[in-house]
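Report on the following structure.
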Amino acid sequence: MNIQQKHTEPLILSGRDVTAVLGPTNTGKTHLAIERMVAHETGVIGLPLRLLAREVYTRVCEKVGAHKVALITGEEKIQPPGAKYSVCTVEAMPRETDAAFVAIDEVQLAGDLERGHIFTDRILHLRGRQETLLLGAATMHGILQRLLKGISVVTRPRLSHLAYAGSKKLTRLPRRTAIVAFSADAIAELIRRQQGGAAVVLGALSPRTRNAQVALFQSGDVDYLIATDAIGMGLNLDLDHVAFAQNRKFDGYQYRNLTAAELGQIAGRAGRHLRDGTFGVTGQVDPLDEDLVQKIEGHDFDPVKVLQWRTAQFDFASLDALKRSIETNAPVEGLTRALPAVDAQALEHLSRDEGIRALATNAKRVALLWEACALPDYRKIAPAQHADLIASIYMDLARHGHVDENYMAEQVRRADTTEGDIDTLSHRIAQIRTWTFVSNRPGWLADQAHWQEKTREIEDRLSDALHERLTKRFVDRRTSVLMRRLRENTMPEAEISPTGTVLVEGHHVGELQGFRFTADQTAGGEDAKAVRTAAQKALAAEFDARAERFGACANGDLALGSD
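The opening position of the sequence shown corresponds to residue 781 in this note's numbering, with each subsequent residue numbered one higher.
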């Protein structure tokens, strides 16, 4: 930890040996960064999401072997001895490195109100010994050239065409569509009834749940994906169309419309490699105006004018000195002091607590408090509640040198149950993520390895349970399986029990008595259509066989009934 006293830091660094690779989505920027990194003997790459870091980690492991690659996020650390390459979230990137290569992805997030100052810090200060790549949107061209003198800028064109497809009803959206929404319930329920269901990818999902949900979509089990704007940040999906069912989001400070650049980033997920893609609106979202459509299709957005900035040189002489240093104004044009982040809000709250002030009496203790304030608010609770949690952890660290084992055990136990609905399980995953983060902080626990294993095991079980609940609620397995078989134009497998129950591909579709088929009465909409069509196709051979037996039987074998 850096506990040195405040001094003037070099804000504007040379752009020598720094290359910015800028352009819209589907230009192969991340692929280029991976190729460049493994061409060096050592490297570090920072990604904006834990999910994306996981994806890139897997790709790098496939190229060089897992024994050479580390994965470092707030909640997960895989660090083989002597690892040559580190894949990190931007927050978890080292502040200094001797690696030959450094890459930072999605650098336009340096303008984000909530996380921007972290990206800005890495852009200004973190360098590879031989090569540094900054990857992101073309909107960063001007600001990077102003701040990093001598930087080399390379622009890359999109590999495929992106076109506006207008407004469509939810029930008329084409297959392989991502529906962008910030409240998935109503949309997913409708898609389930009409189209067989949807995978649900929300920002709060663990990588394990997210990967299981995406696998439903990628395998063709479902043809629709409901996701937040997080899909705009580099997650690679097999999409043909992106439909905006909502275009307003809460950004951590206020509800606002998505900007043109954000819409373009998300829409650009449609069409991968050389395959063209389309975007549009659905539900209650008004059609996009012509000017906005032209900007998205042409990838022509307003440039980023300022980057969010916060000093990285903190004065730990006292609590008040630390607060003053955090409030240091940005010293140059192009940078603006960031709004108080979660850690600064927690510090402000705790600095008014006499018990905390009594403990934070020297530079080492003040630095420890600031380290504790870095605990992310995964649960999205009130700032005062989050600060109280940090206070409990800090007091243990300051008094005993580590978090109390009994306290840790009780907090972990509360999250360790897979009972409950989707919201309950999502809340428990947020809880266990908090303690996974604690278990990954060096020196915070007496038996760190035990708690890392324990919290990871619980998160995996909760993730599996959440995937099962999401699938049960938002995917109609029968409809999705039957519709896929019909699209593939393959003969569905039918089973008929001695009592006449008809199963197609293992799913109940109705009853067959003689030559009379009665479809399952619970089916409606597209489900009913799929059931009828699949049953007709699957039972055709059975009807032929019964007709042949009927025609061949003797008159004495027939009996006429009154019904």
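The beta carbon of each residue, even a glycine, is placed where N, CA and C say it ideally should be. All figures in this text were calculated on a predicted structure; none of them were measured in a lab.
At a Cβ-Cβ threshold of 8 Å, Phe881 and Glu856 do not count as neighbours. For the set Arg1326, Lys1075 and Ala863, the Cα lying nearest the Cα of Arg1296 is the one of Arg1326. The three-state secondary structure of Ser1219, taken from DSSP, is helix.
Leu924 is not a Cβ neighbour of Lys809, given a cutoff of 8 Å.
For Ala1138, the enclosing alpha helix (DSSP H) has its first and last residue at Glu1134 to Leu1139. In this structure Val1146 touches Leu1099 by the C-beta definition: roughly 6 Å separates them, less than 8 Å.
In the structure shown, Ile1170 falls within a helical segment according to DSSP collapsed to helix, strand and coil. Closest by C-alpha distance to Asp1020, out of Gly1032, Ala1041 and Ala958, is Ala958. Under the DSSP assignment, Ala943 falls in the beta strand (DSSP E) whose first and last residues are Leu942 to Ser947.
In this structure Ile1011 does not touch Val980 by the C-beta definition: roughly 12 Å separates them, more than the 8 Å allowed. Taking 8 Å as the cut-off, the Cβ atoms of Val1284 and Glu1291 do not count as close. Note that the C-beta distance between Arg1104 and Asn806 is not below 8 Å.
Looking at the DSSP output, Ser866 shares a beta bridge with Val824 and Ala850. When rounded, the separation of the alpha-carbon atoms in Ala918 and Tyr1174 is 42 Å.
Only buried fits Asn1220, as 16 or more other CB atoms lie within 10 angstroms of its CB.
Burial check for Val934: the Cβ neighbour count within 10 Å stays below 16, so the residue is exposed. Taken through DSSP and simplified to helix, strand or coil, Ala995 comes out as helix. Per the C-alpha coordinates, the member of His1230, Asp1031, Gln1228 and Asp1240 positioned closest to Arg1208 is Asp1240. For His1129, the uninterrupted alpha helix (DSSP H) segment begins and ends at Val1122 to Leu1130.
Excluding five sequence positions before and after Val1073, the CB atoms of its chain that fall closer than 8 Å to its own CB belong to Tyr944, given in chain order. Out of Phe1030, Arg1329, Val1289 and Asp1244, the CA that lies nearest to the CA of Arg990 is found in Asp1244.
In the DSSP assignment, no residue is bridged to Thr877. Across the set Arg1193, Leu1119 and Asp1184, the C-alpha of Asp1184 shows the shortest separation from the C-alpha of Gly1223. Distance from the CA of Ala1152 to the CA of Tyr1033, rounded to the nearest whole angstrom, comes to 23 Å. The segment 882–901 makes contact with the segment 1085–1095, as at least three CB pairs between them are under 8 Å.
Under DSSP, Lys857 shares a beta bridge with Ile852. With contacts defined by Cβ atoms closer than 8 Å, Ala1121 and His1166 do not form a contacting pair. Contact between the segment 811–822 and the segment 949–964 is absent: fewer than 3 CB-CB pairs across the two stretches fall below 8 Å. With a 10 Å radius around the Cβ and a threshold of 16 neighbouring Cβ atoms, Pro1083 comes out exposed.
Between the C-alpha atoms of Leu812 and Glu821 there is a straight-line separation of about 16 Å. A Cβ-Cβ separation of about 4 Å places Thr1216 in contact with Thr1235 under the 8 Å criterion.
By the neighbour-count definition (other C-beta atoms within 10 Å, threshold 16), Pro804 is a buried residue.
Here Ser932 carries a strand assignment [DSSP, helix/strand/coil].
Taken in chain order, the complete alpha helix (DSSP H) segments of 4 residues or longer contained in the segment 1076–1107 are 1099–1106. In this structure, Ile1212 lies away from Ile1170, with their beta-carbon atoms at least 8 Å apart. DSSP lists Arg1036 as the beta-bridge partner residues of Lys1029.
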